[in-house]
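Beneath this line is the structure, given in structure tokens, with notes to follow.
Residue numbers (full-length UniProt numbering): 1 to 325.
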């Protein structure tokens with residue numbers, strides 16, 4: 001029997017991801033699709049990530065969003081599947097729904113304790129609440145839905161705060177130039193206390209996600225002071241790929257890992273717990289001397305200086321604003 005990964009529609013939690021998957025599902029607008037697992041041990045995995053061209057794809061969009069709001073590149077099919085890579089479509093969605101949401105679901109689903117997916121194993125991704133959410137033609141008859149024909153206005157949520165439009169202005173890039181002769185240091189910190197639980201058919205355990213951004217290639221140490229013992233602490237990218245983890249950690253916990261490519265789909269620190277608590281971290285990274293992006297032919301580097309009208313309208317809708325007549 002082929003295992004099924006169900007995604008349910010949750011306003012402010014998975015709605016942008018839901019729209020992204022339907023909007024980009026190879027143009028088929030289907031409720032479900034069968035894929036084949038590849039995983040990171042597949043020798044073609046890195047090449048598929050390169051071919052998907054997510055690196056820098058959301059950089060320009062993020063310069064127009066308020067501080068604290070982050071978009072990440074969501075590619076479909078993901079590079080962790082055999083169908084990913086060339087021809088994969090991309091869309092910028094809130095980081096909280098990408099590396100902070102679907103990453104945890106995919107990782108739990110593929111884990112040894114759940115479906116134990118191995119290379120080439122078939123599985124199904126299913127949008128269980130149906131295509132009618134986006135006003136699309138439904139092609140799978142296995143479910144019924146009572147969702148409205150058109151999506152409601154989307155809002156961006158970060159740490160339980162809803163941000164309103166206060167003037168669409170481009171922020172100055174907060175990038176730093178690194179020397180090609182010597183590695184450079186990177187310092188990060190973050191916190192969140194929002195306990196997420198979706199009560200889905202996959203029995204995904206509740207969790208707290210703290211964003212790590214698009215980490216460049218390098219060696220990292222992430223220190224997390226835990227007030228209580230939790231089930232697990234793990235670093236995931238937007239596709240659910242695990243880079244470091246600790247089981248049943250308590251007190252000061254440090255995760256160490258090395259990246260030989262940039263995490264261009266974003267990354268998050270995931271604390272698996274059923275208890276509401278504050279999760280904070282401080283991180284240091286020793287960046288590699290070669291800092292070229294995973295895909296040198298990035299679409300982001302060719303993003304036009306002036307935003308297209310369609311992109312401006314998309315951001316207005318994403319932030320819950322409808323332009324006046």
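Where a beta carbon is used, it is the ideal one built from N, C-alpha and C, also for glycine.
- For residue 268, the enclosing beta strand (DSSP E) begins and ends at 267-272.
- Considering only 208, 61 and 81, the residue with the shortest C-alpha distance to residue 72 is 61.
- According to the DSSP assignment, residue 51 belongs to the alpha helix (DSSP H) that extends over 45-52.
- Here the C-alpha atom of residue 19 lies approximately 12 Å from the C-alpha atom of residue 75.
- An exposed status is given to residue 225, since fewer than 16 other beta-carbon atoms sit within 10 Å of its beta-carbon.
- Looking from the CA of residue 86, the closest CA among 48, 103 and 95 belongs to 48.
- Annotation: the UniProt domain "Deoxyribonuclease NucA/NucB" (42-110) contains the following complete segments of the beta strand (DSSP E) (minimum length 3 residues), in chain order: 71-76 and 89-94.
- For residue 257, the pairing in a beta bridge is given by DSSP as 220.
- Taking a contact as a CB-CB distance under 8 Å, the pair residue 240 and residue 102 counts as one, their CB atoms being some 7 Å apart.
- In this structure, residue 209 places its C-beta atom within 9 Å of the C-beta atom of residue 268.
- In this structure, residue 188 lies away from residue 217, with their beta-carbon atoms at least 9 Å apart.
- In this chain, the beta strand (DSSP E) harbouring residue 285 covers 279-287.
- Here residue 244 has 235, 255 and 257 as same chain residues with Cβ atoms under 6 Å from its own Cβ, once five neighbours each way along the sequence are excluded.
- Look at residue 117 here: in three-state DSSP terms it is coil, with no helix or strand label.
- For the 9 Å CB-CB criterion, residue 45 and residue 95 do not form a contact.
- As computed with DSSP, residue 210 is found in a beta bridge with 269.
- In the displayed model, residue 20 falls within a helix according to three-state DSSP.
- For residue 4, the closest of 17, 127, 275 and 14 by C-alpha to C-alpha distance is 127.
- One alpha carbon belongs to residue 31, the other to residue 251, and they sit about 43 Å apart.
- Secondary structure note for residue 241: it is in no beta strand (DSSP E), with a DSSP letter that is neither H nor E.
- Buried is the label assigned to residue 70, since at least 16 other Cβ atoms lie within 10 Å of its Cβ.
- Beta-bridge partners assigned by DSSP to residue 126: 6 and 32.
- Rounded to the nearest angstrom, the Cβ distance from residue 90 to residue 54 is 6 Å, consistent with a contact under 8 Å.
- The Cβ atoms of residue 281 and residue 222 sit closer than 9 Å to each other.
- With respect to residue 283, residue 195 sits apart: the two C-beta atoms are not nearer than 9 Å.
- Counting along the chain, no beta strand (DSSP E) covers residue 228, and no H or E run does either.
- When the Cα atoms are used, residue 286 and residue 215 turn out to be separated by approximately 11 Å.
- Rounded to the nearest whole angstrom, the C-alpha separation of residue 114 and residue 52 is 28 Å.
- With at least 16 other beta carbons inside 10 angstroms of its own, residue 22 counts as buried.
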